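Per this note's numbering, the sequence shown starts with residue 15, numbered consecutively. Below is one structure; the comments refer to it alone.
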Amino acid sequence: MKTYRIIIVENDEDEQFFMKEGFDAAGGFQIVAQLKSGDDLFEWLNEHKDNLPDVILSDLNMPGKNGYDIIEEQKKTGWWSKVPVIITSTSSTKSIMDRCLAQGAAAYIVKPDTFVEYVPYVRNLYKQMEEEKN
């Protein structure tokens, strides 16, 4: 089983905690950084240009640079453009999902309704990563 290196960009501390638990329990991913905003992500990427993750999972709505800003910046900054950015949010509104995908997000995944559902969420993400690889 391949292990994907992932950065999680999520401003809510409770959500970060439960996401980490879900990722640790499900396997398949190594969390290389948990960051609170797009600003933090851009700083991390600039400091680790030679050690990029396999995927970035970003919340859509955050203070500072948000998920939209991340996918827009990725288009402008070519050196990390091969890293898929997957947007995640509690919103299942089709127009929001379509906007993210049209702007360049690799995927859009709706967050689980409860924190205990993160293991299936992570397994679904892993399955998507494997399908993209093939």
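We treat Cβ as the ideally placed atom computed from N, Cα and C, and that holds for glycine. These figures come from a predicted structure and were not determined experimentally.
{"Check": "Cβ neighbour criterion (16 or more within 10 Å) applied to S72", "Outcome": "buried"}
{"Check": "Residue range of the unbroken alpha helix (DSSP H) whose run includes A120", "Outcome": "Premise fails: A120 is in no alpha helix (DSSP H) and is neither H nor E."}
{"Check": "Reduced DSSP secondary structure (H/G/I, E/B, other) of D73", "Outcome": "strand"}
{"Check": "Inter-residue spacing [alpha-carbon to alpha-carbon] between L139 and D53", "Outcome": "24 angstroms"}
{"Check": "Per DSSP, cross-strand counterpart(s) of T102", "Outcome": "D73 and I123"}
{"Check": "For V157, the three-state DSSP class (helix, strand or coil)", "Outcome": "What the structure shows of the chain is the stretch from 15 to 148, and residue 157 is not part of that stretch, so it cannot be assessed."}
{"Check": "L66 - DSSP class collapsed to helix/strand/coil", "Outcome": "coil"}
{"Check": "Reduced DSSP secondary structure (H/G/I, E/B, other) of V130", "Outcome": "helix"}
{"Check": "Close beta carbons around I87, own chain, < 8 angstroms, minus the five adjacent residues each side", "Outcome": "It is Glu, not Ile, that sits at residue 87 in the sequence shown. Around E87: G52, F56 and K79."}
{"Check": "The segment 32 to 49 in contact with the segment 87 to 96 per 3-pair CB rule at 8 angstroms", "Outcome": "no"}
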